[in-house]
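Structure first, commentary second.
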Amino acid sequence: MAKKTYVCPQCHVQVRDLKSHQARMHAEIKPVSEAKPESLKAKKLELDIKPKVKKAEVVQAYHCVGCGYSPISKGQSNCPQCRAAFDWSQL
Ligand SMILES: [Zn+2]
Ligand SMILES: [Zn+2]
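Each number in the numbering used here comes from the position in the sequence shown (counting from 1) with 192 added on.
If you want it as structure tokens, here you go:
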């Protein structure tokens, strides 16, 4: 009596046990439908990264309360314009 045989759809060989044949011979073939498009993501890179520029530290500037002369540097004893004496002890 004739044994039932199968024809492997991948290599077209007649086999008696198609499942074990495929497992043995074609185990590495994976279903194509599982492939996912990976190209859509990972495309957006961070662009335009600017180094943080430190603003020049604001130099504390003083001005003469008498005449408005500016700048007066801290510790200066007299206004160069109106000769007013400054008292830095309160700062
Ligand atoms: Zn095969
Ligand atoms: Zn002044």
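A virtual CB, placed ideally from N, CA and C, is assigned to each residue, including glycine.
query                                                                                                                                    : result
Going by the DSSP bridge assignment, what does A277 pair with across the sheet?                                                          : N270
Cutting at 7 Å between CB atoms, please list the residues of its own chain near A277, excluding the five before and the five after it.   : S269, N270
Determine which residues share a DSSP beta bridge with V207 and list them.                                                               : Y198
Alpha carbon to alpha carbon, how far is Q206 from Q214?                                                                                 : 12 Å
Can you tell me the Cα-Cα spacing of A253 and R275, whole angstroms?                                                                     : 18 Å
From Y261, M217, V257, pick the residue whose C-alpha is nearest to that of C203; which is it?                                           : M217
Whose C-beta lies closer than 8 Å to the C-beta of I264 among residues of the same chain, with five residues either side of it excluded? : A253, Y254, H255, C256, C271, F278
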